[in-house]
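Undergrad: Residue numbers (the working numbering), protein chains in the order written: chain Z, 70 to 468; chain L, -13 to 216.
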Amino acid sequence: MIGALIEAWAEFRVHRARVLMSLIGVAIAVAALAGVVGIGAVATQAQTEQLERGGGRPATLVLTPPYDAETGDAADPARLEAIFRQVVERYSITYAGAVIWSDSRIQFADGADSVMLTAVAPAYGPMHRVEIATGRWFTAFDESRLSPALVVSEAVWQRLGAPDLATNPTVTVYGAQPTTGVIVGVLPPDPFAPSLQAYVLGAGLAAIAAPAQAAAPMYEFWVPLELADTLQERIRAEVASALGEGFVVDVQRQDYLAWGTSDPLEPIRVVLLGIAGLILALGALSLVNIALVTVRQRVREIGIRRAFGATAPRVFLAVMLESVLATLVAGVLGVVLAIVVVQSEWVRGFVAPGLQDAVPFPAEAAVIGLVAATAVGALAGLLPALVAVRVKVIDAIRY
Amino acid sequence: MALLSLEQVTRSVLLPDGERLEILRGVDLTVEAGDHLSIVGRSGSGKSTLLNLLGLLDTPTSGRIAFDDRPLERLAGGRRDRTRGRDVGFVFQQFNLLPGRTALENAMTPLLYARGRDFWRRERIATQMLQRVGLGDRLHSTPDRLSGGEQQRVAIARALVRGPRLILADEPTGALDVDTGAAVMSLLDEISSASGAALITITHDPAIAAMARRRFRLEAGVLEPIVAAS
């Protein structure tokens, strides 16, 4: 085997120009194949992050506002808050909090405008991968502010004249009474979110909105995935028991993993993989062609090797390995090219703008590329190897 | 014990028109270790076919060939290839060096099919053999940078690196001028004698054939010893 490898390498080295020329197609095809898988991983991560921004990171449980089955009245918010705190303490849930949607108005230079106001806990940021373009997200310190802290959308910030956050810019929010809020952070533009939007802490909302203006609170819990089902049932049972009979209590998973939907990128990925496969097949065909011609030209050399003791299997292996070695080199070049392309800022910015987590080039993309290159090499080497084995030694030498 | 023996060996091929062509007829030959014999014959006399059989590259239509007293039919497939690689060295008329490879790489080629120590020490062994044939300073020259005589010396080194017991030289001087040819034959004779290997030279040149201790003529497929006139 080592001898066959040495032979194959020597052949590759001697004919490197021809081999490299014939392998350009394979290298490009492998780059396309590995690139598609790599870009697919980046796009999937971007999509995952987008889904996590909406529904929370897996596993996010949500306690929808319980209500009386007979009257339809919502549970007392103060009582529900106390029950929530009990649950969080009992199960040591680090990331949890209420989410309340409300509609408020903010005073801009050109008049007051309606803004979607969401009251959250500081934990909401990591739970929903909230990105901050300028400034910062809430901290526990913000809960004790007299002027509520606000994190506003880019559109709100621009409309306020894009003030420097270092100057602690304030804004008047109209709720139960006009309240001055301090902008501590600005969200990046998000095509999936309402343009005029702001986050405030729960304590801040209490200062701004009249109780009637705010929707009933929902409670979110970010729990370990493996405990999600157990905790879902336990939280439901505990809240129901604490509220007493007659209340409808519902706890659901709201993260994307619980949706059971298929990957929307799958069809595109299949088409791209198909195209890459086609390129690979064409590359393999031209490789077979060149290899066959080359073997016919190398009949004398094969005869000489046979005369000096090369067995038929050894000749088969050497010709086969030569092809595999060459396509493997092309595969490595193709994978390197794919890594350079997929990791480039430009491509990432195009495929997955605003990606939070760094996505390393997926190992499976490199493996798929190298395996495909090896397989192409083996297939392309098979025919020439069979031809080489059938060479009649003395005829070949006198050829 | 004979190194190589042929008893009543025939070789025929079937022509496309269905007729059978007899190439070798009842060839008897015994080669002992250290023998030096030559076979002369005109083109078409069956020299190449005989070379194939002597070099374990072909099997006879009838008769018996034994290498080291082992009948050829017992050396099937890979075993025969390995025996050939280990015990038979070829020197060809057209040198048949591998293009693009240096003299050293060419001389190392048979050692790629060796096992154990010979395989791992192939570079050293090939270097020593090239030095022995006077090419110590041309180790890294490719065939296109070597003269005809030098190329044939590389071919001789290549034939000898595995220490074969039988050297088959097929028209070894056919592509060389008279002086170079004589020098190459002397070298071949000297090295094979020193190593105790049998040397069979197939040639159409009576002068080259005369250098052998035993001489044969192949004519119309029949091998006959040439008896010296004196």
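Positions of the beta carbon are idealized from the N, C-alpha and C atoms, including for glycine.
May I have a chain-ordered list of the alpha helix (DSSP H) segments no shorter than 4 residues that lie completely inside the stretch 177 to 207 of chain Z?
TA: Those alpha helix (DSSP H) runs which fall completely within the stretch 177 to 207 of chain Z and span 4+ residues are 193 to 196.
Undergrad: Taking the Cβ atom as the reference point for each residue, do Z:F377 and L:Y99 lie within a distance shorter than 8 Å?
TA: As a position in the first sequence, residue 377 of chain Z is number 308, starting the count at 1. As a position in the second sequence, residue 99 of chain L is number 113, starting the count at 1. In this structure, L:Y99 lies closer than 8 Å to Z:F377 by Cβ.
Undergrad: How many angstroms separate the CA atom of Z:I348 from the CA atom of Z:V445?
TA: For this step, residue 348 of chain Z is matched to residue 279 along the first sequence. For this step, residue 445 of chain Z is matched to residue 376 along the first sequence. When rounded, the distance between both Cα atoms is 11 Å.
Undergrad: Hey, is the stretch 308 to 324 of chain Z in contact with the stretch 178 to 197 of chain Z, meaning 3+ C-beta pairs nearer than 8 Å?
TA: Counting Cβ pairs under 8 Å, fewer than three are found: no touch.
Undergrad: Roughly how many angstroms lie between the CA atoms of Z:W78 and L:N92, to the nearest whole one?
TA: Mapped onto the first sequence, residue 78 of chain Z falls at position 9. Mapped onto the second sequence, residue 92 of chain L falls at position 106. Approximately 15 Å between the Cα atoms of the pair.
Undergrad: Please work out which residues of its chain come closer than 8 Å, Cβ to Cβ, to L:D104, disregarding the five sequence neighbours upstream and downstream, and give them in chain order.
TA: For the purposes of this step, residue 104 of chain L is taken as residue 118 along the second sequence, with counting starting at 1. Same-chain partners within the cutoff: L97, I111, R148.
Undergrad: Shorter than 8 Å from the beta carbon of L:S216 to some beta carbon of chain Z?
TA: In the second sequence, the residue the question calls residue 216 of chain L occupies position 230. Model confidence at L:S216 stands at a pLDDT of 47, short of 50, so the residue's coordinates are unreliable; what they give is reported in the following sentence. Taking Cβ atoms only, chain Z never reaches closer than 8 Å to L:S216, which makes this a no.
Undergrad: Mapping the DSSP letters down to three states, classify Z:V49 as helix, strand or coil.
TA: In the structure as shown, chain Z starts at 70 and stops at 468, and residue 49 of chain Z therefore has no counterpart that could be examined.
Undergrad: Figure out for me which residue from Z:Q301, Z:V401, Z:W415, Z:L455 has the closest Cα to the Cα of Z:A441.
TA: In the first sequence, residue 441 of chain Z corresponds to position 372, counting from 1. Considering only alpha carbons, the answer is Z:V401.
Undergrad: What does the alpha-carbon distance come out to for the pair L:H126 and L:F81?
TA: In the second sequence, counting from the first residue as 1, residue 126 of chain L sits at position 140. In the second sequence, counting from the first residue as 1, residue 81 of chain L sits at position 95. Straight-line Cα distance between these residues: approximately 17 Å.
Undergrad: Here's a check: name, in chain order, each residue in its chain whose Cβ is nearer than 6 Å to the Cβ of Z:A101, leaving out the five neighbours to either side.
TA: Your numbering for residue 101 of chain Z matches position 32 in the first sequence. The residues are A345, I348.
Undergrad: Taking 8 Å as the threshold, find out whether the stretch 139 to 155 of chain Z comes into contact with the stretch -11 to -3 of chain L through three or more Cβ pairs.
TA: Contact fails: fewer than three Cβ-Cβ distances are below 8 Å.
Undergrad: Alpha carbon to alpha carbon, how far is Z:M185 from Z:T133? Give it in angstroms, no decimals.
TA: Mapped onto the first sequence, residue 133 of chain Z falls at position 64. Mapped onto the first sequence, residue 185 of chain Z falls at position 116. Computed Cα separation, rounded: 20 Å.
Undergrad: Compute the Euclidean distance between the alpha carbons of Z:P258 and Z:A224, then round it to the nearest angstrom.
TA: Working through the first sequence from its first residue, we reach residue 258 of chain Z at position 189. Working through the first sequence from its first residue, we reach residue 224 of chain Z at position 155. Roughly 8 Å separates the two Cα atoms.
Undergrad: Contact defined as beta carbons within less than 8 Å: I believe L:L185 pairs with L:H22. What is the distance between those atoms, to the nearest angstrom?
TA: Your numbering for residue 185 of chain L matches position 199 in the second sequence. Your numbering for residue 22 of chain L matches position 36 in the second sequence. 5 Å between Cβ atoms; contact.
Undergrad: Got a sec: which bits of the stretch 378 to 390 of chain Z sit with their beta carbon under 8 Å from any beta carbon on chain L, in order along the chain?
TA: Within the stretch 378 to 390 of chain Z, the qualifying residues are G378, A379, T380, A381, P382, R383.
Undergrad: In three-state terms, what does DSSP make of Z:I463?
TA: Taking the first residue of the first sequence as position 1, residue 463 of chain Z is located at position 394. Z:I463 falls in the helix class under three-state DSSP.
Undergrad: Measuring CB to CB, does L:P150 end up less than 8 Å from L:V213?
TA: Mapped onto the second sequence, residue 150 of chain L falls at position 164. Mapped onto the second sequence, residue 213 of chain L falls at position 227. No, the Cβ-Cβ distance between L:P150 and L:V213 is not below 8 Å.
Undergrad: Pair every Cβ in the stretch 161 to 177 of chain Z with every Cβ in the stretch 284 to 303 of chain Z, then say whether three or more of these pairs are closer than 8 Å.
TA: Verdict: yes, contact present.
Undergrad: Whole angstroms is fine: what's the gap from Z:R228's alpha carbon to Z:S171's?
TA: Sequence index remark: in the first sequence, residue 228 of chain Z carries index 159 (1-based). Sequence index remark: in the first sequence, residue 171 of chain Z carries index 102 (1-based). So the two alpha carbons sit approximately 20 Å from each other.
Undergrad: Considering only the alpha carbon of each residue, which of Z:V156, Z:G72, Z:P422, Z:T140 lies closest to Z:V292?
TA: Translated into positions along the first sequence, residue 292 of chain Z becomes position 223. Among Z:V156, Z:G72, Z:P422, Z:T140, the Cα nearest to that of Z:V292 belongs to Z:V156.
Undergrad: Hey, L:L121 and L:A89: beta-carbon distance below 8 Å or not?
TA: Residue 121 of chain L sits at position 135 when you count from the first residue of the second sequence. Residue 89 of chain L sits at position 103 when you count from the first residue of the second sequence. In this structure, L:A89 lies closer than 8 Å to L:L121 by Cβ.
Undergrad: Could you work out which residue in Z:S216, Z:M70, Z:P191 is closest to Z:A209 when comparing CA atoms only?
TA: As a first step, residue 209 of chain Z must be located in the first sequence, where it is residue number 140. The candidate whose alpha carbon is nearest that of Z:A209 is Z:P191.
Undergrad: Report yes or no: do three or more beta-carbon pairs, one from the stretch 102 to 122 of chain Z and one from the stretch 417 to 434 of chain Z, lie closer than 8 Å?
TA: Touching, yes.
Undergrad: Which residues does DSSP pair with Z:G254 in a beta bridge?
TA: Here residue 254 of chain Z is taken as the residue at index 185 of the first sequence, counted from 1. Z:G204, Z:V220, per the DSSP bridge assignment.
Undergrad: Could you list the residues in the stretch 177 to 199 of chain L with a C-beta less than 7 Å from some C-beta on chain Z, going in chain order?
TA: The stretch 177 to 199 of chain L vs chain Z, Cβ under 7 Å: nothing.
Undergrad: Output the distance between the C-alpha atoms of Z:K461 and L:M197, rounded to the nearest integer angstrom.
TA: Counting from 1 along the first sequence, the entry for residue 461 of chain Z is found at position 392. Counting from 1 along the second sequence, the entry for residue 197 of chain L is found at position 211. Roughly 31 Å separates the two Cα atoms.
Undergrad: Which value, in whole angstroms, describes the spacing of the CA atoms of L:S216 and L:L61?
TA: Translated into the one-based positions of the second sequence, residue 216 of chain L becomes position 230. Translated into the one-based positions of the second sequence, residue 61 of chain L becomes position 75. Residue placement at L:S216 is flagged as unreliable, the pLDDT there being 47, under the threshold of 50; the coordinate-derived value follows with that caveat. Between L:S216 and L:L61, the C-alpha separation is close to 42 Å.
Undergrad: Roughly how many angstroms separate the alpha carbons of Z:W415 and Z:A275, rounded to a whole number?
TA: Counting from one through the first sequence, the residue named residue 415 of chain Z turns up at place 346. Counting from one through the first sequence, the residue named residue 275 of chain Z turns up at place 206. Looking at the two C-alpha atoms, the distance is approximately 44 Å.
Undergrad: Note down, in chain order, all residues in the stretch 70 to 88 of chain L with a beta-carbon under 7 Å from any beta-carbon belonging to chain Z.
TA: Within the stretch 70 to 88 of chain L, the residues whose Cβ lies closer than 7 Å to some Cβ of chain Z are R70, G71, R72, F76, F78, N82, L84, G86, R87, listed in chain order.
Undergrad: In terms of residue numbering, what span does the beta strand (DSSP E) encompassing Z:E150 cover?
TA: Translated into positions along the first sequence, residue 150 of chain Z becomes position 81. Note, Z:E150: premise wrong, no beta strand (DSSP E); alpha helix (DSSP H) at 146 to 159.
Undergrad: Between Z:T249, Z:G254, Z:S392, Z:G438, which lies nearest to Z:A231 when the distance is taken from Cα to Cα?
TA: Here residue 231 of chain Z refers to the residue found at position 162 when the first sequence is read from its first residue. Nearest C-alpha to Z:A231: Z:G254.
Undergrad: Relative to the alpha-carbon of Z:V111, which residue among Z:A407, Z:T443, Z:A465, Z:L452 has its alpha-carbon at the smallest distance?
TA: Translated into the one-based positions of the first sequence, residue 111 of chain Z becomes position 42. Taking only the C-alpha atoms, the option nearest Z:V111 is Z:A407.
Undergrad: In chain B, which residues lie with their C-beta within 9 Å of the C-beta of Z:V462?
TA: Although the question refers to chain B, the structure presented lacks it and instead comprises the protein chains Z and L.
Undergrad: List the residues of chain Z that L:L98 touches, going by C-beta distances under 7 Å, in chain order.
TA: In the second sequence, residue 98 of chain L corresponds to position 112, counting from 1. Neighbours of L:L98 on chain Z, chain order: G72, I75, E76.
Undergrad: Taking all protein chains shown into account, do 16 or more other C-beta atoms lie within 10 angstroms of the C-beta of Z:T241, making it buried, or fewer, making it exposed?
TA: Taking the first sequence and counting its residues from 1, one reaches residue 241 of chain Z at position 172. Classification for Z:T241: exposed.
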